[in-house]
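In numbering that gives the first Met the number 0, the protein residues as written are 0 to 81.
For glycine and all other residues, C-beta sits at the position ideal for the given N, C-alpha and C.
A short write-up of the structure that comes next.
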Amino acid sequence: MNKKTLSIAAAILAIASSTAAFAAELPTYETNGFPVSPLQVRVLGAAHVEQQTAAPTTLASVHQVNVLSPRKVKTATVGVAR
């Protein structure tokens with residue numbers, strides 16, 4: 000039963016990630032700072048319509064940024080014994 004549940008969960012995650020990636024590729028438009036759909040552009044006209052800038056599709060958490068950033072090199076100071 001547990002293996003079946005994990006398989007279903009894995010399938011759902013695979014489908015969800017593929018649809019999210021597909022949706023991120025579709026062009027989005029805005030007029031006067033408000034988002035509009037392509038259908039609204041066709042109905043209302045294309046005056047002052049611009050394509051929205053692409054937002055990053057993946058966001059990193061604070062922990063991921065800390066792990067992926069270069070490490071700070073710590074240098075040890077050695078004292079001279081007298």
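Nearest-angstrom Cα separation, counted from residue j out to residue i
| i | j | result |
| --- | --- | --- |
| Glu49 | Ile11 | 35 Å |
| Ser6 | Ala13 | 11 Å |
| Val42 | Ala59 | 38 Å |
| Pro69 | Thr76 | 22 Å |
| Gln51 | Lys73 | 44 Å |
| Thr35 | Asn1 | One detail in the question is off: residue 35 reads as Val in this sequence, not Thr. For Val35 and Asn1, the distance between alpha carbons rounds to 44 Å. |
| Pro37 | Ala45 | 10 Å |
| Lys71 | Lys3 | 45 Å |
| Ala9 | Gly78 | 56 Å |
| Val61 | Gly32 | 30 Å |
Pair within 8 Å by beta-carbon distance, residue i and residue j
| i | j | result |
| --- | --- | --- |
| Thr30 | His47 | yes |
Closer than 7 Å: residue i CB and nearest the ligand NAD heavy atom
| i | result |
| --- | --- |
| Ser6 | The ligand NAD is absent from the structure shown, which contains no ligand whatsoever. |
If we require 4 or more residues per run, which alpha helix (DSSP H) segments fall completely within the region 24–54? 37–43
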